[in-house]
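Numbering (this note's numbering), first residue to last: 358 to 489.
Yeah, the Cβ is synthetic: ideal placement off N, Cα and C, and Gly gets one too.
Since the structure is predicted, the reported quantities are computational estimates derived from the model, not experimental observations.
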């Protein structure tokens, strides 16, 4: 049986973002200056947002199982107690939570809250196009 790390489908961008995030998290986190700590945290959050949304916005064409997100959702659907797939009643609320989080993160990626006051109608139209 293959190791799950071999089966998971990463894009080149996702691998780079994971490595970057890992390195950022391992850097000296105890900076003396509060401003430095805040800047480090903001940079980490930006990379994390880019990583998570890269799973949402990756196209798979006619190979849906080449998506890391699909692999995650499949594993999420396995009940470890029974070694079977979860029933719809025990799985649909999990999927609903994932969908909600994906929507929130997608809005933040496409219409960053820090810049909402400066956004134009063109930015909002671009968001609506991506949303579909």
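### Message
Between which two residues does the alpha helix (DSSP H) holding residue 445 run?
### Response
Per DSSP, residue 445 belongs to the alpha helix (DSSP H) from 445-467.
### Query
What is the residue span of the alpha helix (DSSP H) that residue 475 lies within?
Note, residue 475: premise wrong, no alpha helix (DSSP H); not H, not E.
### Task
Note down, one range per segment and in chain order, each beta strand (DSSP E) of at least 3 residues found wholly within the segment 385-414.
Entirely contained in the segment 385-414, not one beta strand (DSSP E) run reaches 3 residues.
### Task
Rounded to whole angstroms, what's the CA-CA distance from residue 416 to residue 437? Just pull it up for me.
So the two alpha carbons sit approximately 30 Å from each other.
### Query
How long is the line joining the alpha carbons of residue 474 and residue 447, rounded to whole angstroms?
Spanning the two alpha carbons is a distance of roughly 41 Å.
#### Entry: Cutoff 8 Å; reference residue 468; Cβ partners in own chain excluding five residues on either side
Contacts found: 476, 480, 481 and 484.
### Rounded distance between the beta-carbons of residue 375 and residue 408, thought under 8 Å
So it is a contact: roughly 6 Å between Cβ atoms.
### Message
Quick check: residue 371 and residue 423, are their CB atoms within less than 8 Å of each other?
### Response
No; because the gap between Cβ atoms is not below 8 Å, this pair is not in contact.
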